[in-house]
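Chains as they are written, first to last, in the numbering used here: chain A, 1 to 641; chain B, 1 to 254; chain C, 1 to 292. Data block below; observations after.
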């Protein structure tokens, strides 16, 4: 790897007046999105034959597509492409402008190509999505406080259950691959930016444009069919299902672009000496997670496209009495759905191993085995989808093979545990806030993992399928596992991202509320599942009343814990103690550049000589990288001149 | 201390925001302008076998939710005008342990049930319903059901209605876990002809008057809905059938 | 990796795991983790053995009891592994935690970059466990695939939002030469099942996908429109239970349930002959599936 030539030298900065696209921002995106949406609605209303079935579905489809396209034109997603079509490239000034130079905080509202800005934008978006999803969870738990509650109508309840699910799925898919794979990962490998900075900005703003259709579902009748939107129920559903499908299709575009970008960045942008075997484990996790996303997510796009066709144009992919099959939907959905949980899980696990290593002051135990384990999980995960379908009646003879592949996953997953406890073993355990969440991850994920093997067993699944046990299980793995590991990563990288130290006192209050609230909520739900309470019900047998009450109270505590954590994050971000460049004395590259991180990340090019886990080593072996064999003008120096 | 105030303040603020959103969601549940319809007491009699407190509920099913009923009440304001609806409300309240006599005036056309099962009267006193037609407006069942015998007018007690001559049903489930629960299924014969015209919301139009009684069980909110496929899409159970408040609601036993 | 810490060179496993550690301290580590591991393993095994039957309901069929037994066996099998993870984590919190000021990082730990033996043992153990899980699952599963020559056929129809049942006219030969006669087709809204009589459920749906889940029979299958799916069992214990819908099916999914009961076969015969009228039969309520 040779260091790339400095992109920008001695440039006079600042926006040039008069260029249309320099006036683009979130506001113009919003405006154009609403305008195109409205135009789409008007045209559809007045041209499409108003068939009771399909008219409103088609109208909503055109309106939502108008919004998504309009927003992305307005924010500037297509600027470069349009300019190429007009026959000229962006010049250096334009590149600088796009990187947000000299625009202060306004750049966070723009189509900004700086990976650190994109990472921060993602972080804010993830907070917003989590609090939308969390609020919806509170609605669910309020409804379920008592057995015969009429707080929400069944229609509203189903709408909330569906959007809670999808909102959280979107949020967890991007919670690490958005903020940290964008902000931290390129610095970790010594890159100046991502390989495709414009696509990077695109991946973010495309997700943003996917959010309003998701929330719009509440205003057009709500999605009735859960986040899995099983056909033909979803085909029967109202136009909200169209909004939902548009959200997914848009979101898949973003995940695909982001995945390609991550992989190409790691393949081509590494600093001198950054061999694959010297890459931090989190970089590997990002690549594996991103690659798995490239496999999984297109199936979702395909499924949702067929869904829109069934609803808005009268095809019948999933409608049995017209030759379709609900099992087709279930297959295509879970071919996406099971790899997808590992798209969520693997990057946080990488972050977790970084945290474990830094705070144990020890190398990641069995580094290569950990990479192999993550790869193994990813590889096996594409062959397990039908374990979601054991009880559907589809292909009963495949129960055995899918039981095999599913249970095989526990081998590489076990290795990840081995790497975690091997890293802890004999470490000088420095229990700062990120480590609190690290320990919580181990506890939660053990429970999530063990309950997973019950569900992999066909005879046991014939009892547990579709019941609250499953709900508790995947919340233990995705919330208690992935999201807690991501929170460990957030507390770990917070000083680098924000330039300030996180208030650990408030953080620890939040930790205990989250830890206790979580156990109460979901252990109670395991009990409901053992007793036989079905999932996704707006009302339940009084038989399940005590544990539902306990679960709801636990959920309120859990939510309060997240709010306190948010308070800690926001207050520390605004006026926390200024963070040193390397508060944890960690070795990977992101801690060896200035805080705040300059544009193009390094004032002096790093040259990597060892892996970043030289704890306890002597001499040169404890050094990850040396700086300064190449020096160049930086943007900041340019500004000063 | 400042941190404690800040943290608890944010929790409080979040609780307020979440609470406000919750109120918004709660308000999404349809409630008719007259609110919950309370049953009218008619004294104590032996309609349900033994002597017990007797109450009456008068309901109608309308083909057109945008109209007004004979008393001038809007059927289902601000809703989808093309959808049928129960009126004047979808929420009813009856005292526990009382004998409830419901009269449903059925103004809508109809056709075939998805499942003939719902043509059977279940759970009413005597397992029967009393039907009076406003005129001879029932045509034969069409197509493959042509052989099914449908009376020219309904007049008298019925234990079942032919599955091809249903307008709507009033189907109510027992409370989960409460035993003995009461399950109620009342098929309402169609009014008007099959073309779907000649139906309307007032007594000028053909209608069926269906009367039945049942004993209200344990306290709680009993969910009822219509099992005639009067919506669109898959199994004609989309649209109105998936929208709470038109053809679904609660019977509150208090 | 060579380092200052790697002074002792010994091929014992323990030395590999803890190079350069004072031998007595090193034994103390192992002993501490072993004690924690042992206690937690015992707790896990006890929880699996004694808690599971309390948490899960009384089951009315071999399939249901197989589910309970699987939970017990898997909990016991997983307990040592889960306990080891917890023991190492807990030990590192209790014993090797850095005390004193947390403002600065403690001294580095030993540069342990892996251990072939530990990894190998872990890998082999987990593989053996998986083989056991698979063996267990396949054995149980194939035991449930037995098709009885003579069984009571019940057609189950799922629709939004109710289950109803259709009992076709049939004669089922019972062991001991007796016969169960269904003289004419019956439509049912509640489910009564004769005890010890093999039953075959033919499940379908009128509209969308539902999940037919007779809870305490430990079996379930989706009701798919345009398809007929089949599940079988032999209810072998008397008692009441509930049939629920395990697949979100729209507005009133929560209300889609049926009360069901396993009754003596003579009672069932009498009920059928009486046209299956009246409510569910009265059977000793001590067998109530919802409690024990």
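Note that CB positions come from ideal geometry on N, CA and C, so glycine has one too. Given the structure is predicted, the values throughout are model-derived calculations rather than measurements.
- Close to chain B, meaning a Cβ-Cβ distance shorter than 8 Å, are the following residues of the stretch 531 to 556 of chain A: 539, 540, 541, 542, 543.
- Residue 139 of chain A and residue 154 of chain A have their C-alpha atoms spaced approximately 12 Å apart.
- Within the stretch 426 to 508 of chain A, the alpha helix (DSSP H) runs of at least 4 residues that lie entirely inside it are, in chain order, 433 to 456, 458 to 464, 468 to 477, 484 to 498.
- In this structure, the CA atom of residue 188 of chain C is about 19 Å from the CA atom of residue 220 of chain C.
- For the stretch 99 to 164 of chain C, the continuous beta strand (DSSP E) assignments of 3+ residues that do not extend past its boundaries occur at 152 to 159, in sequence order.
- Under the Cβ criterion of 7 Å, residue 97 of chain C is counted among the residues facing chain A.
- Judged by pairs of C-beta atoms under 8 Å, the stretch 97 to 104 of chain C does not touch the stretch 377 to 396 of chain A, as fewer than three such pairs exist.
- At a cut-off of 4 residues, the continuous stretches assigned as alpha helix (DSSP H) that sit fully inside the stretch 326 to 374 of chain A are 326 to 360.
- Within the same chain, and ignoring the five residues on either side of residue 41 of chain B in sequence, the residues whose Cβ sits closer than 6 Å to its Cβ are 55.
- In the displayed model, residue 234 of chain A falls within a helix according to three-state DSSP.
- Between residue 226 of chain A and residue 500 of chain A the beta-carbon gap is near 40 Å, outside 8 Å, which marks them as no contact.
- DSSP places residue 590 of chain A within a helical segment (H, G or I) once states are collapsed to three.
- Annotated three-state conformation of residue 257 of chain C is strand, per DSSP.
- In the three-state reduction of the DSSP assignment, residue 100 of chain B falls in the strand class, which pools E and B.
- In the DSSP assignment, the residues bridged to residue 239 of chain C are C/262.
- A residue is called buried once 16 or more other Cβ atoms fall within 10 Å of its Cβ, and residue 155 of chain B, having fewer, is exposed.
- Scanning B/167, B/241, B/157, B/111 for the CA closest to the CA of residue 60 of chain B turns up B/167.
- Residue C/63 holds the alpha-carbon nearest to the alpha-carbon of residue 461 of chain A among C/63, C/33, C/44.
- At least one beta carbon of chain B lies nearer than 7 Å to the beta carbon of residue 160 of chain C.
- If you check each beta-carbon in the stretch 231 to 256 of chain C against every beta-carbon of chain B, the ones closer than 7 Å belong to 250, 251, 252, 255.
- Residue 96 of chain B places its beta carbon less than 7 Å from that of residue 219 of chain B.
- In this structure, the CA atom of residue 159 of chain C is about 33 Å from the CA atom of residue 550 of chain A.
- With respect to residue 479 of chain A, residue 378 of chain A sits apart: the two C-beta atoms are not nearer than 7 Å.
- The beta-carbon separation of residue 55 of chain C and residue 527 of chain A, rounded to 6 Å, stays under the 8 Å limit for a contact.
- At least one CB atom of chain A sits nearer than 7 Å to the CB of residue 176 of chain B.
- Distance from the Cα of residue 102 of chain B is smallest, within the candidate group B/75, B/47, B/80, B/72, for B/47.
- Ranked by Cα distance from residue 104 of chain B, the options B/133, B/80, B/11 are led by B/133.
- In the three-state reduction of the DSSP assignment, residue 618 of chain A falls in the coil class.
- Within the stretch 353 to 373 of chain A, the residues whose Cβ lies closer than 7 Å to some Cβ of chain C are 360, 361, 362, 363, 365, 366, 367, 369, listed in chain order.
- Counted as a single uninterrupted DSSP element, the alpha helix (DSSP H) harbouring residue 24 of chain C occupies residues 23 to 46.
- Around the beta-carbon of residue 185 of chain C, fewer than 16 other beta-carbon atoms lie within 10 Å, marking it exposed.
- Check the Cα spacing between residue 490 of chain A and each of A/477, A/177, A/90: the tightest is with A/177.
- Look at residue 38 of chain A here: in three-state DSSP terms it is helix.
- Judged by pairs of C-beta atoms under 8 Å, the stretch 277 to 296 of chain A touches the stretch 368 to 375 of chain A, as three or more such pairs exist.
- Annotation: residue 291 of chain A is outside any beta strand (DSSP E); the continuous alpha helix (DSSP H) that includes it extends over 281 to 313.
- Between residue 472 of chain A and residue 519 of chain A, the C-beta gap is not smaller than 7 Å, which leaves the two residues out of contact.
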